[in-house]
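So the sequence shown is residues 49 to 377, counted in this note's numbering.
Heads up, the beta-carbon is just placed ideally off N, CA and C, and yes, glycines get one too.
Predicted, not measured: the structure shown is a model, and the values here were computed from it.
Everything on this sheet refers to the single structure shown next.
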Amino acid sequence: MTWLQRSPHGAESPRRRRRTWRLTPARCPWLAVGVLALLLDGCAETPPGPRRRALPTTPVSVPQAPASALAAAAPASLGAAPSAPSATAAPSGAPALPPSVGLAPSAAPLPPADAVSFERPRLERVGVPGDKALQVVFAPAGVRRALIYLHGVCGNVPALLDFAGAVRRYATIIALLGDERCPERGGWRWASPIPHLERRVEAALRAVQRARSGELDLEQVIAFGYSQGASYALGLHRAEPGRFPWLILGGSPVHPSPEQLPEVSGVLMFGGEYEPHRRGMQTIEELLEAGRRARWLTLPKVGHGRFGDGAAVTLDDGVRWLLEPAQPP
Numbered sequence: 049m050t051w052l053q054r055s056p057h058g059a060e061s062p063r064r065r066r067r068t069w070r071l072t073p074a075r076c077p078w079l080a081v082g083v084l085a086l087l088l089d090g091c092a093e094t095p096p097g098p099r100r101r102a103l104p105t106t107p108v109s110v111p112q113a114p115a116s117a118l119a120a121a122a123p124a125s126l127g128a129a130p131s132a133p134s135a136t137a138a139p140s141g142a143p144a145l146p147p148s149v150g151l152a153p154s155a156a157p158l159p160p161a162d163a164v165s166f167e168r169p170r171l172e173r174v175g176v177p178g179d180k181a182l183q184v185v186f187a188p189a190g191v192r193r194a195l196i197y198l199h200g201v202c203g204n205v206p207a208l209l210d211f212a213g214a215v216r217r218y219a220t221i222i223a224l225l226g227d228e229r230c231p232e233r234g235g236w237r238w239a240s241p242i243p244h245l246e247r248r249v250e251a252a253l254r255a256v257q258r259a260r261s262g263e264l265d266l267e268q269v270i271a272f273g274y275s276q277g278a279s280y281a282l283g284l285h286r287a288e289p290g291r292f293p294w295l296i297l298g299g300s301p302v303h304p305s306p307e308q309l310p311e312v313s314g315v316l317m318f319g320g321e322y323e324p325h326r327r328g329m330q331t332i333e334e335l336l337e338a339g340r341r342a343r344w345l346t347l348p349k350v351g352h353g354r355f356g357d358g359a360a361v362t363l364d365d366g367v368r369w370l371l372e373p374a375q376p377p
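Okay, here's the thing in structure tokens:
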């Protein structure tokens, strides 16, 4: 049968209708045989295999890991005493470091190592006559030690709350504000000489002592400085080494030599994982070789200007080491 279709050029051209073939069992007997074989195979019984044991559906309680285990998972630590928990093992090929020496000047009892608190405490304002108000995180009752915190350039003082929940177990944290305003960024920076800062620190300690009804030791204080504040914390120690026997220097632009720290009881330095810290680690090695008690810690997954979520565990380990009596050489 033919029918006419007009071509694109206007002429009519014949075109035949195509036949459609259908696959039927009569035309393709092998198709029926194949389908029947598949059906019979599907109905065959599969031999039983080993039965799997059902998983328990009841909840399983997981015990909380002690702080020593948490400290072992902390980032790299350099110069820890043998009795103190080390954050991680030293990288392969690293030079062996001598043990820390020296005795901490105070034998005040330390809180249990497995009582790390991750709660963020509140910053309290404490007034100082003739000066800017302090921002304070109070230690629990019975803890008399004080820690002076000096922030960095135009620094954010509330950032210390990242670690204050753990460090407050060892000392009341007293944060002073710098001397000059930062007009472009807000905040404060340090500009006055060390004798002026000494007078401010003296007034701050006495104000907090009054706020704690006398429960604060004014004789031996931890000096903690971050970034620019580390330079001023070092200045406090060098001016009064007996009053500020412990040093914590974070993100420090200064790297004290052993000759600058003849009477130090302990130096803890730290930096962020994403900031350069080779010079700081080298400083710790030099202090250790000279017989000083020193240690390096790395805050995980942060750069300069931040403490981060790992700061509480890391600095809890570090401050505890700082205040423990050192093992004899």
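Cβ pair count under 8 Å reaching 3, the stretch 314-333 against the stretch 350-364: Touching, yes, given that three or more Cβ pairs across the two stretches are closer than 8 Å.
With 16 other Cβ atoms within 10 Å as the buried cut-off, status of Ser275: Here residue 275 refers to the residue found at position 227 of the sequence shown. Ser275 comes out buried.
Three CB pairs or more closer than 8 Å across the stretch 262-272 and the stretch 290-304: Yes, the stretch 262-272 touches the stretch 290-304.
According to DSSP, residues forming a beta bridge with Tyr197: Start at 1 with the first residue of the sequence shown, and residue 197 comes out as number 149. Answer is Ala223, Phe272.
At least 3 beta-carbon pairs within less than 8 Å: the stretch 255-264 vs the stretch 228-236: No, the stretch 255-264 is not in contact with the stretch 228-236.
Assigned secondary structure, Gly314 (DSSP; H/G/I helix, E/B strand, else coil): Locating residue 314 in the sequence shown gives position 266, counting from the first residue. In this structure, Gly314 counts as strand in the three-state DSSP scheme.
Rounded C-alpha distance that separates His28 from Glu167: Any property of residue 28 remains undetermined from this structure, which presents the chain solely from 49 to 377.
Beta-carbon contacts of Gly328 that lie in its chain and below 7 Å, excluding the five residues immediately before and after: The residue labelled residue 328 in the question sits at position 280 within the sequence shown. Only Ser300, His303, Met317, Gly319, Trp344 meet the Cβ criterion.
Delimiting residues of the beta strand (DSSP E) encompassing Trp238: Stepping through the sequence shown from its first residue, residue 238 is reached at position 190. Unbroken run through Trp238: none, as it is neither H nor E.
Separation of Ala359 from Lys180, as counted between CA atoms: The residue given as residue 180 occupies position 132 in the sequence shown. The residue given as residue 359 occupies position 311 in the sequence shown. For Lys180 and Ala359, the distance between alpha carbons rounds to 27 Å.
Assigned secondary structure, Arg217 (DSSP; H/G/I helix, E/B strand, else coil): Against the sequence shown, residue 217 aligns to sequence position 169. Correct three-state label for Arg217: coil.
Contact check, Glu334 vs Pro306, beta carbons under 8 Å: Counting from one through the sequence shown, the residue named residue 334 turns up at place 286. Counting from one through the sequence shown, the residue named residue 306 turns up at place 258. Yes, the Cβ-Cβ distance between Glu334 and Pro306 is below 8 Å.
Residues that Gly298 bridges to, as DSSP identifies them: As a first step, residue 298 must be located in the sequence shown, where it is residue number 250. Its beta-bridge partners are Tyr274, Phe318.
Cβ contact (3+ pairs, closer than 8 Å) linking the stretch 222-229 and the stretch 307-314: Put simply, the stretch 222-229 does not touch the stretch 307-314. Fewer than three CB pairs are less than 8 Å apart.
6 Å Cβ shell around Ala121 - same chain, five flanking residues per side excluded: On the sequence shown, position 73 is the one that residue 121 refers to. Caution is warranted here: a pLDDT of 39 is assigned to Ala121, below 50, making its placement in the model unreliable, and no coordinate value can be reported.
8 Å Cβ cutoff, His303 in contact with chain B: Of the protein chains in this structure there is only one, and it is not chain B.
Span separating the alpha-carbon of Pro169 from that of Arg192: Position 121 of the sequence shown, counting from 1, holds the residue named residue 169. Position 144 of the sequence shown, counting from 1, holds the residue named residue 192. Straight-line Cα distance between these residues: approximately 18 Å.
Under 8 Å between C-beta atoms of Ile242 and Gly273: For the purposes of this step, residue 242 is taken as residue 194 along the sequence shown, with counting starting at 1. For the purposes of this step, residue 273 is taken as residue 225 along the sequence shown, with counting starting at 1. For Ile242 and Gly273, no; Cβs fall outside 8 Å.
Proximity of Arg247 and Val201 at Cβ, strictly below 8 Å: Here the question's residue 247 lines up with position 199 in the sequence shown. Here the question's residue 201 lines up with position 153 in the sequence shown. Note that the C-beta distance between Arg247 and Val201 is not below 8 Å.
Limits of the alpha helix (DSSP H) - the one that Gln330 falls within: On the sequence shown, residue 330 is found 282 positions in, with the first residue counted as 1. Residues 326-337.
Straight-line gap, Val315 to Gly175 (C-alpha atoms, nearest Å): If you number the sequence shown from 1, residue 315 lands on position 267. If you number the sequence shown from 1, residue 175 lands on position 127. Near 30 Å, if we compare the C-alpha coordinates of Gly175 and Val315.
Nearest candidate by alpha-carbon position, reference Leu253, set Gly298, Ala194, Arg217: Against the sequence shown, residue 253 aligns to sequence position 205. For the set Gly298, Ala194, Arg217, the Cα lying nearest the Cα of Leu253 is the one of Ala194.
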